[in-house]
Amino acid sequence: MKGSEKESFRKTFVAATVSFDPEGNITPLRVIWRDGRRFAVDRVLESRPAASLKAGGSGMRYTCRFGNAVTYLFYEDGRWFVEEKAPAVPGKEKDSDV
Amino acid sequence: MSPVILHSDLNAFYASVECLYHPELRERPVAVCGSAEARHGIVLAKNQLAKKAGVRTGQAIWEAKRLCPGLQTVEARHGLYLRYARAVRAIYARFTDRIEPFGLDEAWLDVTGEDGRAVADAIRRTVKEECGLTASVGVADNKIYAKLGSDYRKPDATTVFLGEAVPRLVYPLPVSDLLFVGPATAKRLALCRVNTIGDLAAADPLFLQSVFGRIGPMLSSYARGEGGGPVTPLGYEEEVKSIGHSTTLPRDLHEPEEAHAVFSLLSEAVAARLREHGLAGRTVAIWLRKSDLSSAEHRLTLPEPSDLSPELLRAADSLLPALFDPAAFRRAGLGIRSLGLRVASLSPLAEEAQLTFDGRLAAREKMRAGEICIDSIRRRFGYFAIRRAAALLDPSLGKFPDTHFSALPGSEELEVAAKEGARPS
């Protein structure tokens with residue numbers, strides 16, 4: 001990626017296996033990627049309400065360690081999402097209504 | 001102990017929530033608009049970039065796009081804004097239990113005994129981290145100056161109006177910055193050579209009363225940072241002052257008969273809500289918005305309080321000619337875009353019955369029994385189980401009660417300068 005290009009992210013919803021403790025606290029155990037691969041959460045380093053400024057939205061943010069990688073996993077409105085790096089699309093962006 | 005009051009204002013609330021969900025729009029001018037299909041296609045909120053380009057709340061989408069060609073428009077998602085408003089309120093509740101919301105995006109907080117600036121900064125930081133939104137917070141010893149503070153510096157800033165420096169900072173500000181001083185009041189004040197908050201604070205309250213009636217002395221005390229009352233705790237329910245409904249019509253209306261058909265639906269809805277609250281009202285006001293988006297209200301006082309739709313309808317019909325001259329509208333190429341009906345000066349129903357000798361009471365009781373019966377049929381079988389014949393004349397007008405009713409902004413005598421209902425600017 002060129003230095004001048006801004007890294008962009010997309011909001012990617014994922015399937016997750018989670019556990020509930022008796023108080024109702026949720027701990028994510030496993031994330032299932034869209035191609036079926038399963039990634040086990042080795043450890044939840046932190047959980048707190050937070051906004052995702054990269055991908056958009058907000059919810060309970062779990063800072064998870066997957067092997068050597070540390071990733072934010074968000075729980076928003078009953079769904080789980082991650083901030084996935086999106087490849088930069090070359091060419092002019094089209095002005096359009098959302 | 002001197003009170004410490006905060007006023008927190010979420011900057012460009014709707015537009016900020018949309019930009020949070022559309023990161024690609026953050027660096028572009030964005031306007032949140034009503035549904036163009038339902039003819040609510042006006043700008044409800046805009047971000048700073050759109051504001052700089054001249055986009056204003058209430059503009060038609062085409063008008064805003066002409067001023068700002070690169071404008072990105074997104075359709076409003078009220079459920080989402082409500083969720084964020086609640087999340088922010090939950091953050092406030094970590095700091096104090098004395099929270100008085102003012103619309104969805106603003107609130108006063110009483111944090112007496114705390115360091116106001118420190119709490120304000122902590123609130124801003126937390127709201128930003130957890131909700132991705134920025135807030136401006138004003139700190140003062142009263143609600144009026146706290147609100148002034150949150151408007152003073154935007155976005156994402158804390159402004160403290162405390163101590164001896166306050167008059168030096170506040171008094172030179174234009175009087176229109178003051179809460180409850182809308183454009184019309186500011187214009188009238190300017191005629192009296194009252195242009196700044198300092199001018200208003202120095203003006204003789206008796207003179208202001210002679211010009212503005214009972215709100216005159218109130219404005220004067222607001223200018224001095226007095227009044228505004230305490231911050232009411234969350235959950236405190238204000239007494240209902242008026243009940244109203246308004247609707248933007250599926251097409252512009254040009255005939256009084258069409259307005260009558262709409263008023264028949266509005267009066268039924270308002271009367272049903274009055275009965276639901278066990279209230280009756282003496283003041284009936286109609287509100288009309290023309291197709292050029294200008295609006296006006298007219299009101300009358302009924303001989304006795306009413307919660308009956310035929311009486312409200314009669315009142316609305318008699319008020320209409322004051323606001324709607326079909327020939328003049330036609331000449332100006334205008335139509336009626338929205339209509340509203342509001343009932344105020346409310347009193348509990350049990351207190352209102354005035355015994356009469358002419359049997360009118362019996363007739364009204366009979367009418368009420370009929371209305372209650374209609375309420376009951378609708379509750380059991382749905383709104384369309386029973387309808388007025390007038391609603392059948394034009395199916396497009398007869399369709400709206402379930403979908404397009406919205407609360408009419410209750411204005412009373414005061415202009416709320418910064419707000420139009422709960423709509424952020």
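From first to last, the protein sequence lines stand for chains X and Z.
Following the numbering used here, the numbering of the first sequence begins with 1 at its first residue and continues without gaps.
Following the numbering used here, the numbering of the second sequence begins with 1 at its first residue and continues without gaps.
We put the beta carbon where it would ideally sit given N, CA and C, even for glycine.
Please read these numbers as outputs of a predicted model, since none were measured by experiment.
For L49/Z, no chain X residue has a Cβ inside 8 Å of its Cβ, as the nearest lies near 14 Å away. Within the DSSP bridge table, the entry for T126/Z names no partner. Identification of residues in the region 31-53 of chain X having a C-beta nearer than 8 Å to some C-beta of chain Z yields R48, P49, A50, A51, S52 and L53, given in sequence order.
Excluding sequence positions up to five before and after F66/X, its CB lies within less than 6 Å of the CB of F39, all in the same chain and listed in chain order. For E63/Z, there are no C-beta contacts with chain X under 9 Å, since the nearest C-beta of that chain is about 16 Å from it. In chain order, P23 make up the part of chain Z whose C-beta sits under 8 Å from the C-beta of A55/X. Judged by DSSP secondary structure, V211/Z falls within the alpha helix (DSSP H) whose first and last residues are P205 to F212.
Between I243/Z and E311/Z, the alpha-carbon positions lie close to 15 Å from each other. In terms of Cβ geometry, L249/Z and R337/Z form a close pair [threshold 8 Å].
The three-state secondary structure of V231/Z, taken from DSSP, is coil. Closer than 8 Å to the CB of G340/Z there is not a single CB belonging to chain X. Here the region 312-322 of chain Z makes no contact with the region 359-369 of chain Z; the two share fewer than three CB pairs at distances below 8 Å.
Any Cβ of chain X closer than 8 Å to the Cβ of C68/Z would place that residue at the interface, and such an atom is absent. A buried status is given to M218/Z, since no fewer than 16 other beta-carbon atoms sit within 10 Å of its beta-carbon. As computed with DSSP, C19/Z is found in no beta bridge at all. In the three-state scheme derived from DSSP, where H, G and I count as helix and E and B as strand, V41/X is classed as coil. Not a single CB atom of chain Z sits nearer than 8 Å to the CB of S19/X.
Annotation: the continuous alpha helix (DSSP H) that includes I91/Z extends over H78 to Y92.
Within chain X, the residues placing a beta-carbon under 9 Å from that of L20/Z are A51, S52, L53, G56, G57 and S58, ordered along the chain.
Look at H254/Z here: in three-state DSSP terms it is coil, with no helix or strand label. About 22 Å separates the CB atoms of L82/Z and R98/Z; that is not less than 8 Å, and the two are not in contact. When S8/X, G57/X, F81/X and A16/X are compared, the shortest CA-CA separation from E18/Z is found for G57/X.
Between the C-alpha atoms of R380/Z and R388/Z there is a straight-line separation of about 18 Å. Residues of chain X with a Cβ closer than 7 Å to the Cβ of G132/Z are, in chain order, A51, L53 and S58. As DSSP reads the structure, G244/Z sits in a beta bridge with R342/Z.
At a cut-off of 8 Å between beta carbons, E276/Z makes no contact with chain X. Chain X has no Cβ within less than 8 Å of the Cβ of E371/Z. Just so you know, the alpha carbons of D115/Z and H7/Z end up roughly 14 Å apart.
Here D9/Z is buried, its C-beta having at least 16 other C-beta atoms within 10 Å.
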